[in-house]
Amino acid sequence: MNVAQKVDTRALRTNRFSKVLSTVGIYAIAALFLLLGILLQSMGLINNFMTSQNLLNIVDAVSLLGIVAVGMAFITYSGHYADLSAPTTIALTGIVSVELLRYGFISAMVGAFVVGLLIGVINGVVIGKFKANPIIWTLAMSYVTMGIIRFIWVNKQIYPDIITDDVRAVMLFDNIYRFRLFNVLSLPLIFMLLLVVAGQFILKRTPFGAQLKITGSAKRTAKFSGINVELMVTLAFVISAFTTTVAGLAITSLSRVGAYYNGAGYDFRAVTAIVIGGMTLAGGRGSIIGVLGGTLVIGLMNNIMTLLGVGTFSQDIIRGAIFIMVVGINAKTLRSMGRDDT
Amino acid sequence: MGISIKKGKSVSIDSIGLALKMVGVGKRYPATIAVDNVDFEVYAGEVHALVGENGAGKTTLMKMLAGSFNDYTGAIFINDKMVRLSSPSIAKSYGIGMIYQELSLAQPISIAENLLVGRLPRKGLFIDREKMVREAKRLLKTVGLDLDPLLPIEDISQHEAQLVEIAKVLGTNPCILVMDEPTSALSREEVDRLFAIIAKLRNRGMAIVYISHHLPEVFQVADRVTVMRDAKKVATKNIDEVTREEIVHMMVGKSIKELYKREERQMGKLRLEVKGLSRYGFFHNIDIRLHEGEILGICGLSGAGRSELAQVICGVEQADEGSVVLDGEPLDGLSMAKRVVRGLGYLTEDRKLEGLALRLAMDDNILSSVIPQLKQGVVYNKKTGWPKAEKLIKELSIYPSDLDRTAGNLSGGNQQKLLLAKWMAINPKVLILDEPSRGVDVGAKMTIHETIERLAREGSSILIISSDLPELVRLADRVIIMRKGHFTKIMEQDECSEESLLLAANTEMIV
Chain A
1 MNVAQKVDTR
11 ALRTNRFSKV
21 LSTVGIYAIA
31 ALFLLLGILL
41 QSMGLINNFM
51 TSQNLLNIVD
61 AVSLLGIVAV
71 GMAFITYSGH
81 YADLSAPTTI
91 ALTGIVSVEL
101 LRYGFISAMV
111 GAFVVGLLIG
121 VINGVVIGKF
131 KANPIIWTLA
141 MSYVTMGIIR
151 FIWVNKQIYP
161 DIITDDVRAV
171 MLFDNIYRFR
181 LFNVLSLPLI
191 FMLLLVVAGQ
201 FILKRTPFGA
211 QLKITGSAKR
221 TAKFSGINVE
231 LMVTLAFVIS
241 AFTTTVAGLA
251 ITSLSRVGAY
261 YNGAGYDFRA
271 VTAIVIGGMT
281 LAGGRGSIIG
291 VLGGTLVIGL
301 MNNIMTLLGV
311 GTFSQDIIRG
321 AIFIMVVGIN
331 AKTLRSMGRD
341 DT
Chain B
343 MGISIKKGKS
353 VSIDSIGLAL
363 KMVGVGKRYP
373 ATIAVDNVDF
383 EVYAGEVHAL
393 VGENGAGKTT
403 LMKMLAGSFN
413 DYTGAIFIND
423 KMVRLSSPSI
433 AKSYGIGMIY
443 QELSLAQPIS
453 IAENLLVGRL
463 PRKGLFIDRE
473 KMVREAKRLL
483 KTVGLDLDPL
493 LPIEDISQHE
503 AQLVEIAKVL
513 GTNPCILVMD
523 EPTSALSREE
533 VDRLFAIIAK
543 LRNRGMAIVY
553 ISHHLPEVFQ
563 VADRVTVMRD
573 AKKVATKNID
583 EVTREEIVHM
593 MVGKSIKELY
603 KREERQMGKL
613 RLEVKGLSRY
623 GFFHNIDIRL
633 HEGEILGICG
643 LSGAGRSELA
653 QVICGVEQAD
663 EGSVVLDGEP
673 LDGLSMAKRV
683 VRGLGYLTED
693 RKLEGLALRL
703 AMDDNILSSV
713 IPQLKQGVVY
723 NKKTGWPKAE
733 KLIKELSIYP
743 SDLDRTAGNL
753 SGGNQQKLLL
763 AKWMAINPKV
773 LILDEPSRGV
783 DVGAKMTIHE
793 TIERLAREGS
803 SILIISSDLP
813 ELVRLADRVI
823 IMRKGHFTKI
833 MEQDECSEES
843 LLLAANTEMI
853 V
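Residue numbers (our numbering), protein chains in the order written: chain A, 1 to 342; chain B, 343 to 853.
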C-alpha cells in the first residue's frame with residue numbers, strides 16, 4: 001500500500017561478492033603481471049625476471065612506495081585526494097637527518113620526524129580547519145619546502161660520511177635500507193608490513209577509522225553527527241606525513257645522499273597505487289589491503305617495463321594513462337549504480 | 343457526465359475542448375515510483391486543483407507536463423493530439439506554462455528584461471527599449487500591476503515578484519497554465535487579486551492546473567479537484583460535490599479523527615533550559631523551557647532563524663550570548679560530540695547533505711553518532727551496534743531492512759526514517775527535529791509522527807521545528823511562533839489549530 005514497499009530493486013545490486021571481488025581483484029591483476037613477466041622471460045623478450053635478485057628489487061621498490069601509499073591512503077579515504085607535498089617532505093626529512101647525523105644517529109631520526117610531522121600538522125590544520133583546497137595547498141607546501149631546501153642547502157648534496165666522522169652513526173644510517181633480517185627481510189619491507197597491518201586495523205577497527213569513513217563520505221553529515229571533522233582531517237595528514245618521513249629516511253639511506261631531488265615522483269605513484277587498489281578519490285571507500293595490492297601492481301609493472309627497456313618518460317606516460325583509465329572506469333561504474341560521486 | 347462551471351452554468355464535454363489528457367502516465371526513479379498509472383484530464387476554461395500530501399506525486403506529474411523527463415510512460419494528449427513532452431522546449435511549444443513555488447527571476451536585472459527573457463524586441467543589433475517597456479507594461483497590466491518595468495527585480499516585494507512571474511509565463515501565451523503553490527508568499531488581499539486574475543484567464547478559455555496544500559483556497563478557486571496519494575490518483579470530483587473533510591480523507595487515507603487521535607502524555611521535570619540565547623544576525627534573546635516528555639513546536643517561516651537556533655543549541659555553532667542548560671548542567675563551550683554523549687541530538691533539515699552519508703550502508707549511518715559510545719578500548723567494531731540498529735530498523739519499519747543496504751538507494755521516506763533512527767540510537771534526552779517529515783510519503787510520515795509521540799511518552803523531550811502546520815497541531819504541546827530571530831508568541835495546545843497557527847504566522851508576516 002505504501003510507495004516504499006514497491007522499491008525498484010534494480011539499482012540495489014551491490015552485494016558482498018562484488019565487495020570481495022574488488023579487493024581480491026587487485027591481487028589477481030598482480031598475479032597476472034607476475035605471469036606476464038614469466039611469459040615474457042620464456043619468450044626471451046626479457047632476461048632476469050624470475051631471479052631472486054630481481055624479485056628482491058621488486059620487493060624493495062614496493063616497500064618504499066607502499067610506505068608512502070599506506071599513509072597517503074588516509075588522506076584519500078578522508079575525501080582529500082592526495083598529499084602533493086610528499087616528494088619534498090621525503091627530500092627535506094632526508095636532508096635534515098643527514099645534516100643532523102653530526103649530532104648522532106638518534107638526533108638525526110628525531111629531527112627528521114619533528115620536521116615531517118610539523119609539515120603534516122600544518123597541512124592538516126590548514127586543510128582541516130581553514131578548509132583550504134587539499135591539492136592547491138599541498139602543492140603550495142611542496143614549493144615552500146623545496147624553497148627551504150634550496151635556501152638552506154642551495155644545490156648542495158650532502159653525504160653522511162662527509163658530514164660526520166662518527167662511523168657508527170653513518171653505518172647505522174646506511175643500514176636503514178641495507179640491513180636484512182635473516183639476510184632476506186629488509187627494514188623497509190618490515191616497516192611496510194607493519195604499517196599495512198596497523199593501517200588496516202586503524203581504518204577498519206577503530207573509532208577514528210569509522211569516523212574518518214563518515215567524514216570522507218559526507219563531510220557535512222559528519223559535522224552534524226557530532227564528529228570532530230577538523231581533527232579527523234588533521235590526523236589523516238599527520239599519519240601521511242609520518243609514513244612519508246619513514247620513506248624519506250629509507251630513500252635517503254638508499255641513495256646515501258641528502259638532496260632536493262630525493263622522492264621525486266612518489267606523489268603520483270602513490271596516488272596511482274591507492275586508486276588502482278580500489279580507494280576512490282571521492283573518499284570513504286576502499287582498504288589498506290587493497291592499497292598494498294595496488295602498490296604491488298605498480299611495482300611489477302615498473303619492473304617489467306624497465307626490463308623491457310621502456311624509457312623513464314614512456315613509463316610516465318603509461319602510468320598516467322592507466323591512472324586516467326582507472327579513475328574513469330571507477331566513476332562510470334559508480335554512476336551506473338546510481339551512486340554518482342560528485 | 344458534465345462538469346459544472348461556477349456562476350451556475352453547466353457545460354457538457356462536447357461544447358468544451360479537452361485541453362489536456364494524460365492517460366496511464368507513470369514515472370519511476372531508481373528507488374521509488376513517483377507517479378503510478380495516473381489518468382488526468384483538464385478542460386479548457388477550467389481551474390483544476392491538484393491536491394495531495396508531500397510526496398504524493400503532484401509535482402512529479404506536473405514536471406512530466408513541463409517536459410522535465412524523457413522517460414515517462416503512458417500517453418499525453420494536448421488538444422486531442424498525442425504529444426511526446428521529452429524536453430522543456432517541446433512542452434513550451436505546445437503552450438504549457440509553469441509557475442513554480444521557487445521564483446525563477448534573475449535578481450539584478452529589470453522587470454522588463456525578466457518578463458521578455460529570450461524574446462526581447464530588437465532594433466538591428468540593439469534592444470528596442472521603447473518597445474520592450476511598452477510590451478512589459480501590457481503584460482504587467484494583465485496581472486494588475488502598475489510598476490515601472492525598468493525597476494530591478496530586487497527592488498520589488500516578494501508578492502510583486504510572484505505576480506511578475508505569472509505575467510512572464512502569460513507572456514508566452516500558454517493554453518495550459520500550471521501553478522504550484524502560487525499563494526505561499528502572498529497576503530490575503532494579494533491572494534484575492536490573484537484569484538480574480540485566475541478567474542479572468544479561465545473565462546478566456548485557459549486550462550489551469552492549481553496545486554495547493556491550502557484547502558480553503560482550493561474551494562474558493564477551483565472547478566474540479568483531483569486528489570493524489572502515494573503516487574496514484576485517488577479521485578477527481580466536482581468541487582461542489584465534496585467537503586473539505588472528504589478531501590482530507592482521500593489525501594491521507596484516514597479520517598481526520600483517526601489522524602488527530604492524541605494519546606495523553608505525562609510531563610516531568612525541567613529538562614532543557616535556554617536562557618537569553620543570541621547569535622547576532624540570526625536570533626536574539628531566546629528563552630526556552632522544555633520538560634521531560636514535552637513536545638514543543640517552533641513555527642515560523644524559513645529564514646526566521648529556526649535552524650540557526652537549533653545549531654547553537656546542539657553545539658555546531660557557538661552562541662554570542664546566553665546559555666543552554668541540560669538537566670541543571672550548563673553545556674556552554676562544549677562541542678557537539680560532548681553534547682551528543684549527554685543525550686542531545688539534532689536531526690537536520692537537509693537529510694541528503696547534512697543528515698545521512700548516502701554512499702554508506704544503513705548500519706554506518708544509524709551508528710554514525712554513537713561511535714565513541716560503542717568503542718571497546720581502542721577497538722570499534724560496528725557489529726556491536728547491530729542489535730541496536732536492527733531494533734531501530736524494525737521499530738521504524740524501514741524498508742528494505744538489510745543493514746548493508748546503501749542509504750542513497752532508499753526512498754525519501756525511508757531515508758528520513760533512517761535519519762530518525764540515527765538520532766534514536768543515542769538514546770536522546772532532548773531531540774531537536776528540524777522538519778522531521780518534509781518531502782516524505784504519507785506512510786512514512788505517520789510512522790515518524792507515531793515514533794515522535796512514543797519517544798515523548800517514554801520521557802524524551804522534543805523540540806520540533808516545522809513549516810508543516812498540521813504536523814505541529816498534531817504533535818506539539820505548545821507552539822512558539824518565531825519571526826525574524828525573535829519569539830513573538832506562544833500558543834498552548836488548546837488554542838493550536840491549523841487555522842490559528844496560520845493566522846498567527848500571517849499576522850506576524852504583515853506586522
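C-beta atoms are modelled at their ideal positions from N, C-alpha and C, and glycine is treated no differently.
Just so it is clear, the structure is predicted and the values come from calculations on it, not from any experiment.
DSSP, read as helix, strand or coil, puts B:D522 in strand.
Neighbours of B:Y688 across chain A, judged by C-beta separation under 8 angstroms: F224. Using a C-beta cut-off of 8 angstroms, the stretch 691-707 of chain B makes contact with the stretch 755-769 of chain B, since at least three inter-stretch Cβ pairs fall below that distance.
Residues of chain B with a Cβ closer than 7 angstroms to the Cβ of A:N228 are, in chain order, S677 and A679. In the three-state reduction of the DSSP assignment, A:T306 falls in the helix class, which pools H, G and I. Spanning the alpha carbons of B:L512 and B:M404 requires a straight line of approximately 17 angstroms. Checking the DSSP bridge columns, you'll see B:C641 partnered with B:S808 and B:I823. Residues of chain B whose Cβ lies closer than 7 angstroms to the Cβ of A:R220 are, in chain order, L695 and E696.
Put simply, the stretch 232-250 of chain A touches the stretch 110-127 of chain A. At least three CB pairs are less than 8 angstroms apart.
Taking 3 residues as the shortest admissible run, the stretch 59-107 of chain A contains no complete beta strand (DSSP E) segment at all. Sequence-distant Cβ neighbours of B:M570 in its own chain, meaning closer than 6 angstroms and more than five residues away, are G394, A398, G399 and K400.
Interface residue (Cβ-Cβ distance to chain B less than 7 angstroms): A:S217 is classified as such. Residue range R648 to C656 is occupied by the alpha helix (DSSP H) that includes B:A652, with no beta strand (DSSP E) assigned at that position.
Not a single CB atom of chain B sits nearer than 7 angstroms to the CB of A:R319.
Ranking A:V197, A:N228, A:M301 and A:L193 by CA distance to the CA of A:A210 puts A:N228 first.
Contacts with chain B at 7 angstroms (Cβ-Cβ) do not include A:T51. Closest in alpha carbon position to A:I29, among A:V297, A:G320 and A:G311, is A:V297. Residue-level contact by beta carbon holds for B:R701 and chain A, with a gap shorter than 7 angstroms. DSSP, reduced to helix, strand and coil, places B:R370 within a strand of the structure shown. For B:F382, the closest alpha carbon among the candidates B:P450, B:D534, B:K579 and B:R471 is that of B:K579. One finds A699, L702, D706, N707, S710 and I713 in chain B with Cβ atoms closer than 9 angstroms to the Cβ of A:I214, taken in chain order. Residues of the stretch 258-285 of chain A with a C-beta less than 7 angstroms from any C-beta of chain B: G284, listed in chain order. Residue pairing from DSSP places B:K574 in a beta bridge opposite B:R571. It is roughly 16 angstroms from the alpha-carbon of B:L392 to the alpha-carbon of B:R544. B:Y385 carries a strand assignment under DSSP once its states are collapsed to helix, strand and coil. Within chain A, the residues K223, F224 and G226 have their CB atoms less than 9 angstroms from the CB of B:V658, given in chain order.
The beta-carbon of A:T244 is placed no less than 7 angstroms from the nearest beta-carbon of chain B. Check the Cα spacing between B:L702 and each of B:R681, B:D565 and B:L745: the tightest is with B:L745. At a cut-off of 7 angstroms between beta-carbon atoms, A:T206 makes contact with chain B. Around the C-beta of A:E99, 16 or more other C-beta atoms lie within 10 Å, and the residue is accordingly described as buried. A Cβ of chain B is located within less than 7 angstroms of the beta carbon of A:Q211.
Contact annotation: B:W765 and B:G687 have beta-carbon atoms nearer than 7 angstroms. Taking C-alpha positions only, A:D83 is separated from A:A69 by approximately 10 angstroms. Under a 10 Å Cβ-count criterion, B:L458 is classified as buried, with 16 or more other Cβ atoms of the shown protein chains found around its own Cβ. For A:Y159, the three-state secondary structure derived from DSSP is coil.
Apart from sequence neighbours up to five positions away, the residues of its chain that approach B:L775 with a beta-carbon distance below 6 angstroms are L689 and I806, ordered along the chain.
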